[in-house]
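Residue numbers (the UniProt record's numbering): 1 to 81. Report on the structure given below.
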Amino acid sequence: MASYCTNSAYLTLMKQQCPKPCGYCTSSSSSSSSSSSSTCADLVNSSTGVSNCASMASYCTNSVYLSLMKTQCPKTCGYCT
């Protein structure tokens, strides 16, 4: 998934959806989520404050988006253990 961080086709999406893993964070405001890392939850769109996972559920089994969906929408996609 890290290769998407600098891919121009995905740059805007990755800055919005994956700022921490891609190194785009400028503050540690998301540190509160790290305390509940064992909790399975979908990530939230930082622009809207809402998860897009329900509307993107059809991508859960698409091989092109599998890695991204496992990171972004593990709860919706049923990847939680």
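We put the CB at the ideal spot given by N, CA and C, even for glycine.
Open item on the list: Check for me: the alpha helix (DSSP H) holding L43 runs from which residue to which?
Closed with: Counting along the chain, L43 falls outside any alpha helix (DSSP H), and DSSP gives it neither H nor E.
Open item on the list: DSSP three-state label for S3, please.
Closed with: Taken through DSSP and simplified to helix, strand or coil, S3 comes out as helix.
Open item on the list: Just to confirm the assignment, what range does the alpha helix (DSSP H) spanning T81 have?
Closed with: Looking at the DSSP string, T81 is not in any alpha helix (DSSP H), and its letter there is neither H nor E.
TODO: Determine the closest residue to Y59 out of S47, C77, L43 and C40, with distance taken between C-alpha atoms.
DONE: C77
Open item on the list: Since S51 and D42 should fall inside the 8 Å C-beta cutoff, what is the C-beta to C-beta distance between them, to a whole number of angstroms?
Closed with: The Cβ separation is near 4 Å, so the contact holds.
- [ ] Count the other C-beta atoms from every protein chain shown that fall within 10 angstroms of the C-beta of C40, then say buried if there are 16 or more, exposed otherwise.
- [x] exposed
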